[in-house]
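Chains A and B supply the protein sequences, listed in that same order. Under this note's numbering, the letters of the first sequence match residues 1 to 592, in that order. Under this note's numbering, the letters of the second sequence match residues 593 to 1027, in that order. Glycine is no exception: its CB is placed at the ideal position from the N, C-alpha and C atoms. Please read these numbers as outputs of a predicted model, since none were measured by experiment. Data first, discussion second: the structure below is written as structure tokens.
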Amino acid sequence: MLATGSDHAILSGGNLRPGPASQVVSRLVLCRMAPCRENYPEYARVNSVKPPRECLLLALLLVWLSPAGFARGEEGLRAEIDRHVEAAWKANKVTPAEPASDAEFLRRLYLDLLGTIPTHDEAVAFLDDSDAAKRQQLIDRLLDDPRFARHQAEVWDQVLFGRNPPGYGTDKREGFQAWLQNQFQQNTPYDQWVKAILVAEGNSVDDGAPLFFVQYKSQPEDATEAVTQKFLGVQLQCARCHDHPFESWKQLDFYGMAAFFARLQVVEVGKKNNLAMYAIGEKNRGEMLFTGPVTEQEVGQKGEPVKPKFLHGEPLEEPELPADFKEDRNFPNGKLPPKPRFSRKDQLAEWIARPDNPYFARAVANRVWAQFLGRGIVHPVDNLSDSNKPSHPELLDLLASAMVEYGFDLKRYIRELVSSRTYQLSGGGEVEAAMPSWFERARARPLTAEELLDSWRVAVGYEGMEQASGRRPSDDRYAPLGSGYLMQFFGAPSNGVGDFQGGLHEHLFLNNGGLSSLLSTAKGGLHDTLLNSESPWEQRVDRLFVSLLSRRPTAEEREKFVAYLTAEQDPQTRLNEAIWVLMTSSEFRFNH
Amino acid sequence: MNRHRTSCSSPQHDLHRRYFLQGLLASTAAAGFGGVGGIGVAAEAPHAAHLKKQQKRALFIWLAGGSSQFETWDPKPSRETGGPFRSIPTAVPGYHVCELMPKLAVLMNKIAVVRSLNTGISEHGQAADLISTGRPQEPALEYPEIGVVLSKELAARESQLPDYVSFFLSTEGRRRPATGFLGGGYAPMLLENSMRPTDIDLPQGLSELRHKEREHMRELLSNEFARGRVGGQLVSGYNGAYAKVRGLMRSDHLFDIEREPATVRDRYGSTVFGQQCLAARRLLEAGVPMVKVARGFWDSHHDNFESHRELVPDFDNVLSTLLVDLDERGLLESTLVIILSEFGRTPKINKDVGRDHFADAWSCAFAGCGIQGGAIHGKTDPDGKTVVDGQVNASDIAATIYKAVGIDPHMEYYSGLRPVPISKEDAAPIDEILS
């Protein structure tokens, strides 16, 4: 049913492709999606809840009515956040955790902003700093660190592609990743770089952005699902095959959106460094054809063309093509495709990234909140819907309007989140839930493969070892362990959810496998520094702990480790084991 | 297709409301940031515990590249599409298989065959995804492979063995079972380079004692961290994994087929496939609930008949040996053996005397746990071009597999708030082949 570029695109309300009758019958799909539950009357009732659009419009109205922009105290958004969160604690009789210690805050902030732990020297400098404003200074410094851009780009790269993108070479995307990192480096407003992804100008290697659509080559329905979910926080999948049973989505909403993607074609325009360069072309003709609910479809039914219509919005006004307009069916490879006379895709990009789009600001405000606070105010973050209500509705309205007021400046927004008292709570406390619902304490989440590797490298002084060796540092992102290893053992989605325990392979790897390249005794590394230090073992154990866990040991820990390290004549082996113990400890494995 | 349609509006869903509500509660503990949102898996069905008591197991034999149904389960001798081989009668009256499978023919009363698969997709990667998960791919959610679901459901608590061991040395079978939204904790133990797992030996220069002592130190530190900590369970679960590491280090003999008597090794033969199936039997017998063996090189675009003349007799020998072996040990009753490919091969014989990819009418087979031996389901036309009776799709196969080992095919996991039935909602098990 690839409607792309064809005047004769077939149907559809579902998963059908043109084909022999026997095939079509066999592929009739009743419902692609798991969550359909038309039988739940309680959902039908939830339907009457006020749609988020109105809430947001109301909030926006407040912004405009207020003389000084948003009606908010001197202290800014961070204080508003704390006020809302505290009110919810009161209302729900929740006792919050203590504020995080400096060490807790330090490690959390480094991991969240830079994707790595601090070096020994960075940690000591912060821990020993007596300036009352040192937390704020650290926040400001890290937000301007080049590693901030790299880490945030990696986080968003996973949102946009995931570990296993659908294909067409999108698992190799250096061009896209460099482009995205550059957006964070320049602090390009979020709405602008999203628009660039959706407008997709240039090619996927030099310009990066066009690679996003390459994933959904010839699959306008898949593009529809992905774009609405990732950028609007809305799950339209159900409406692909039938009107949504308990949300307000109709099947025609889905196809109205899909019509914006129906004319897209992925064109290979060349090769560079062995990477195919793709451009996104758009034809002047081609419609989504709609046949109604999949269950009622008949073989050979042709369907009615569906005009593009913005989600819960207006139909798109389109100029007519001249009657004698002619166009080739496909764009030739090797040549940048010409712009269409009228671009549906550009109109959609414009609409999606508008500040008054009812979903856009809200979705990103919620998603970034979840990134730093552990769970979305609407959770999961990509399911903003009437039946999935926010835990703190007013707070979400506030965050969405702040996002608009900030002009989608993510760095400014993140600064407010991490400056709040809420973010700076301790993770301690007698609670089992990894993700506290009322944000009454910090969440625990496992490090991603990249965070784990970068943190290990920092902890053992890998860079120092490389420098001391005089070898040219490897330009492999995953050196010295290699991406194969890392992705196999640590790359699977592990977002800090209940069942996380690390695969058996992970534990075998940690116990018996290839960590040895990091446990090196080479000059310039942590092992070498500690072994050859003249300081008493107590101080060396302190250094060991700060290097790996960004905190000093407790008296008991210090005593135990000193005893362990000095139990034999030759401390070398035991030192190696002590480093291993801290590298593989739970405290290291989690961001808490 | 109409044979077994359950739609979104099916009363099936009502049965699961209880789990759904449990999931709502449990999902407050789950969160995340990522393309598919946080994925929380909760609300285990109560019957799973019952299942675990019975120690059911499954062996997934994956004929990677696409084996030919004509040269195995659905021969069409003397037709233009049939190729040079004859068909032979089997232990099931009226049912014939290709002459390349004489040993299996005798055992057909232990085996059920489905000759009516129509799965639509005939490109390797996409088809393998479809068949191995029982679902079309979806940009919004990554699904786990059937074997991963089986390993999760059939796993015995406190076991010190892996829940899933997957052999795939051959190039074509080199697809790692996807854990999808269940996450890395359910990743199988992969045997990709040798029959023995990597990293189960002590690291060089580390004695047994040191290995334990440093772990003791690690445990002390990590337990201190887990105590009174948000997500304490999460963290202590992580700490607890060492027991499994030690368990596996002690179990390396299970992977060593040299410990089998020579007569047994001879019966399985000297091919890699035979050796892996023997190792699989050792693992299943020791209590590993899920094993997968992939056998490659079935993608016969050229010289289909020559390559099947080579591959099928080995398959015939190994599978028949395995079934008899399992049966003699009293394991067949509790072990589901699944024989699947990503698709079959075309009726048309191409200019290179090969057969190409074909997903419109092909076959698969099952034996053991929950299977009605001798049941032959579905039928193709005289040339094997279309299914004429009992058509099933990939989702139906998945549902059949689940039901065979006693798992409700419509039980649900949770991905955030979203209930996800383990098989697609319109899937229906093929009851005709179930006992």
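So, using beta-carbon positions, are residue i and residue j closer together than 9 Å?
i             : j             : result
residue 714/B : residue 983/B : no
residue 689/B : residue 711/B : no
residue 590/A : residue 582/A : no
residue 99/A  : residue 425/A : yes
residue 293/A : residue 235/A : no
residue 967/B : residue 914/B : no
residue 661/B : residue 976/B : yes
residue 286/A : residue 331/A : no
residue 558/A : residue 534/A : no
residue 783/B : residue 789/B : yes
residue 568/A : residue 524/A : no
residue 416/A : residue 84/A  : no
residue 830/B : residue 772/B : no
Suppose the cutoff is 7 Å on Cβ atoms and the five residues either side in sequence are ignored; what does the same chain contact list for residue i look like?
i              : result
residue 152/A  : 184
residue 271/A  : 277
residue 716/B  : 934
residue 851/B  : 845
residue 453/A  : 478, 481, 486
residue 179/A  : 207, 208, 209
residue 964/B  : 704, 1025, 1026, 1027
residue 23/A   : Unreliable positioning characterises residue 23/A in this predicted model, as indicated by a pLDDT of 28, which lies under 50. The coordinate reading is nonetheless provided below. Within the same chain, residue 23/A has no close Cβ partners at all.
residue 450/A  : 115, 154
residue 197/A  : 209, 212
residue 738/B  : 724, 725, 726, 990, 993
residue 1022/B : 706, 969, 984, 988, 992
residue 464/A  : 524, 525
residue 388/A  : 378
Closer than 8 Å by beta-carbon distance: list the chain A residues that pair up with residue i, in chain order.
i             : result
residue 840/B : 504, 508
residue 836/B : 504, 507
Leaving aside the five residues before and after residue i along the sequence, list all residues of the same chain whose C-beta is less than 6 Å from its C-beta, in chain order.
i             : result
residue 780/B : 756, 758, 769
residue 215/A : 165, 166, 170
residue 584/A : 510
residue 458/A : 116, 117, 119
residue 168/A : 214, 217
Just the chain B side, please: which residues come within less than 7 Å of residue i by C-beta, in chain order?
i             : result
residue 205/A : Within chain B, no residue comes near residue 205/A; the closest Cβ sits about 23 Å away, beyond 7 Å.
residue 603/A : Only positions 1 to 592 of chain A appear in the structure, and residue 603/A is not among them; the question remains open.
residue 581/A : 806, 809, 810, 813
residue 314/A : Within 7 Å Cβ-Cβ: nothing; residue 314/A doesn't reach chain B, min ~26 Å.
Might you give, ordered along the chain, the residues of its own chain that have their beta carbon closer than 8 Å to the beta carbon of residue i, omitting 5 neighbours on each side?
i             : result
residue 672/A : In the structure as shown, chain A starts at 1 and stops at 592, and residue 672/A therefore has no counterpart that could be examined.
residue 916/B : 699
Give me the Cβ distance between residue i and residue j, rounded to the nearest whole Å; I'm assuming they're in contact under 8 Å.
i              : j             : result
residue 353/A  : residue 195/A : 5 Å
residue 692/B  : residue 904/B : 4 Å
residue 704/B  : residue 953/B : Rounded, the Cβ-Cβ distance is 18 Å, inconsistent with contact.
residue 203/A  : residue 279/A : 5 Å
residue 504/A  : residue 754/B : 6 Å
residue 961/B  : residue 928/B : 4 Å
residue 1001/B : residue 986/B : Wrong, their Cβ atoms sit about 13 Å apart, outside the cutoff.
Since residue i meets chain A, which of its residues come closer than 7 Å, beta carbon to beta carbon?
i             : result
residue 781/B : 504, 505
Determine the chain B residues that contact residue i at a beta-carbon separation under 8 Å, and present them in chain order.
i             : result
residue 89/A  : Result: empty, since nearest Cβ-Cβ is about 15 Å, beyond 8 Å.
residue 164/A : 734, 770
residue 564/A : 809
residue 587/A : 813, 814, 817
Strictly below 9 Å CB to CB, what residues from chain B border residue i?
i             : result
residue 513/A : 790, 791, 795
residue 516/A : 795, 796
Using a cut-off of 9 Å between C-beta atoms, extract the partners of residue i located in chain A.
i             : result
residue 802/B : 573, 574, 577
residue 667/B : Those do not exist, as residue 667/B stays about 22 Å from chain A at its closest Cβ, beyond 9 Å.
Any chance the region 678-695 of chain B sits against the region 773-788 of chain B, with 3 or more Cβ pairs inside 8 Å? By the criterion of at least three beta-carbon pairs nearer than 8 Å, the region 678-695 of chain B is not in contact with the region 773-788 of chain B.
Three or more beta-carbon pairs under 8 Å between the region 935-951 of chain B and the region 689-708 of chain B, yes or no? With the cut-off at 8 Å, the region 935-951 of chain B and the region 689-708 of chain B do not touch.
Please determine if the region 407-419 of chain A and the region 252-262 of chain A are in contact, where contact requires at least 3 C-beta pairs separated by less than 8 Å. Touching, no, given that fewer than three Cβ pairs across the two stretches are closer than 8 Å.
Touch check for the region 569-584 of chain A and the region 806-818 of chain B: three-plus C-beta pairs under 8 Å? Yes, the region 569-584 of chain A touches the region 806-818 of chain B.
Could you tell me whether the region 648-656 of chain B touches the region 860-880 of chain B, where touching means 3 or more Cβ pairs closer than 8 Å? They touch, by the three-pair rule.
Within 8 Å, do at least three Cβ pairs link the region 988-1002 of chain B to the region 735-746 of chain B? Verdict: yes, contact present.
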